[in-house]
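> Questions regarding the structure given below will be posed in turn.
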Amino acid sequence: MRNLFKVTMTALIGLFMVVGLQAQNEHPAKKEHPSSNEHPAKKEAKASPAKEASGKIGDATITINYSSPGVKGRNIWGELVPLNKVWRAGANEATTFKTDKDLLVEGKELPAGTYSFFVIPHEDATATVIFNKEADQWGAMKYDESKDALRVNVYPSQSNMTERLEYKVNDDGIVMAWEYYKLPIKIKVK
């Protein structure tokens, strides 16, 4: 009787172990920490994905790198983007503007190079566009006016709804559009 009990218990323990191992193989435990080549942020879509707009103006190659936030039902101008304050003209890192040729922006000289690009939307329906020599910046937190290469005033206009901030390079300049706001900037090769 004692041997039968031992054999039965051993068989039951073995059965439980086999079932447990099989369940583990069918439903492996979730990793608590990603491996060195996995980053959790890369698995999720960014709220403001990185974008690039590029094209030719004359024989100059223009490249604009920016993060593209969405409207998402918010009031943008005067609320999310305050009036009369320097705005990074995108999200996350400051937007950058690169040209391989000297340009005339709204009639003013801008040497070839890479710049951070900022905008100050004003209450009087104008905007100041800024090309700053400090190209590698996070947002506008450390913006330094003394490093501005060029400031020009431009006139935004109303446009069709644009959910995500976007830049376009066309034959006569660049256009920034977001929400119902369009900001054309006239550019030509010097």
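Read left to right, the sequence shown gives residues -23 to -1, 1 to 167 (mature numbering (1 follows the signal peptide of the UniProt record, and there is no 0)).
Glycine included, every Cβ here is placed at the ideal spot set by N, Cα and C.
#1: Could you give the C-beta distance for F64 and V96, rounded to a whole number, given that I count them as a contact under 8 Å?
#2: Which class does E29 belong to by DSSP, given the choice of helix, strand or coil?
#3: Go to N137, then tell me how far its beta strand (DSSP E) extends in each direction, as first and last residue.
#4: Check whether the Cβ atoms of A68 and S93 lie closer than 8 Å to each other.
#5: With a cut-off of 8 Å on the beta carbons, I'd call V146 and S45 a contact; round off their distance for me.
#6: With distances taken between CB atoms, is the gap from T76 to A89 smaller than 8 Å?
#7: Along the beta strand (DSSP E) that carries A104, what are the first and last residues, could you check?
Looking at the coordinates:
#1: Looking at the sequence provided, one finds Trp at residue 64 rather than Phe. Their Cβ separation, rounded to whole angstroms, is 5 Å, which keeps W64 and V96 in contact under 8 Å.
#2: strand
#3: 134 to 147
#4: no
#5: In fact, because the Cβ distance is near 15 Å, the residues do not count as touching under 8 Å.
#6: yes
#7: 104 to 109
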